[in-house]
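Novice: Quick one: the structure is below, questions incoming.
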């Protein structure tokens, strides 16, 4: 049975239709205020000298900040109520674009923790573990795209934000385990990228080749866009499978190239030593 939005309106509002799409902006003052506070906290943290944030890092952070904000306030928000594929696109923008940019921008300076409040080294090692990052991200991705939890995000604003917050936090953990400044080793980054590409590709493939629609929320709303709910679901699977897989395979290729460069340099050093 399709969802009746007359009893409860999802956070992003009524399902977008082609005629109303470009007027369907989400100008939630609390959301915009939260993003403004985050931007100000980052600027203040950098200005206070907590890690000497470079101009390039600032550009990365604010680019990621802008992508995340637009993902949540633009008409994509209302479109994600109508189409599963739009919800997946929303998630991919947060996970594949906003999260790595904010990690590159050293977004942690927003926290401005005093020295006594910094977590112990052991805790940092656990949180920075590539295996843990892989597991946490995979659990968040699969959980929130399971029909039951997915459906709950349309019935509760709190659940909706729990989904976005947990996916984004897991993505930040993941990118910290892969990007050069944070990764413990090239091998660890390679492992994280490959495992993530496989598990994300598997979920995308399952959605793409499913023989029946799984998400009742879109059984009626996709028709306004000329799609059946199954077409919409398969498109969402492709969006997750192809861009997601491509990004993480790209990271793996870069890691492999770094390994080969290291091996080549070691062999050259050994050859000179023998001579």
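In this note's numbering, the protein residues as written are 2 to 276. Glycine included, C-beta positions come from ideal geometry on N, C-alpha and C. Keep in mind it's a predicted model, so treat the numbers as computed, not measured.
Note the first and the last residue of the continuous alpha helix (DSSP H) segment covering residue 192.
Specialist: Residues 187–209.
Novice: If residue 66 and residue 103 are in contact, beta carbons under 8 Å, what's the gap, nearest whole angstrom?
Specialist: Going by Cβ atoms, the distance from residue 66 to residue 103 rounds to 7 Å, so yes, they are a contact pair.
Novice: Nearest-angstrom Cα distance between residue 187 and residue 251?
Specialist: Taking the straight line joining both Cα atoms gives about 14 Å.
Novice: Going by beta-carbon coordinates alone, are residue 83 and residue 16 separated by less than 9 Å?
Specialist: The answer is yes: Cβ separation under 9 Å.
Novice: My assumption, with CB atoms under 8 Å, is that residue 241 sits in contact with residue 195. Please give the rounded CB distance.
Specialist: At roughly 17 Å, the Cβ-Cβ gap does not stay under 8 Å, so residue 241 and residue 195 are not in contact.
Novice: By alpha-carbon positions, which one of 96, 189, 210 ends up nearest to residue 164?
Specialist: Nearest C-alpha to residue 164: 96.
Novice: Alpha carbon to alpha carbon, what distance is there between residue 100 and residue 227?
Specialist: About 32 Å.
Novice: Does residue 11 come out as helix, strand or coil in the three-state DSSP assignment?
Specialist: Three-state result, residue 11: coil.
Novice: So, with DSSP's three-state summary, where would you put residue 227?
Specialist: Coil, per DSSP.
Novice: With a cut-off of 8 Å on the beta carbons, I'd call residue 89 and residue 237 a contact; round off their distance for me.
Specialist: Contact flag correct, Cβ pair sits at about 4 Å.
Novice: Quick one: grab the DSSP three-state call for residue 21.
Specialist: It is coil, neither helix nor strand.
Novice: What residue does the alpha helix (DSSP H) around residue 162 start on, and which one ends it?
Specialist: Unbroken alpha helix (DSSP H) run through residue 162: 158–179.
Novice: Residues in the same chain with beta-carbon distance under 6 Å from residue 253, minus the five sequence neighbours each way, listed in chain order, please.
Specialist: 191, 194, 195.
Novice: What residue range is occupied by the uninterrupted alpha helix (DSSP H) comprising residue 155?
Specialist: From DSSP, residue 155 is part of no alpha helix (DSSP H); its letter is neither H nor E.
Novice: If you draw a straight line from the C-alpha of residue 243 to the C-alpha of residue 91, how long is it?
Specialist: Whole-angstrom Cα-Cα distance: 15 Å.
Novice: Out of 79, 74, 69, 73, which one is the CA nearest neighbour of residue 219?
Specialist: Looking at the Cα atoms, 79 is the closest of the given residues.
Novice: Does residue 45 come out as helix, strand or coil in the three-state DSSP assignment?
Specialist: Helix.
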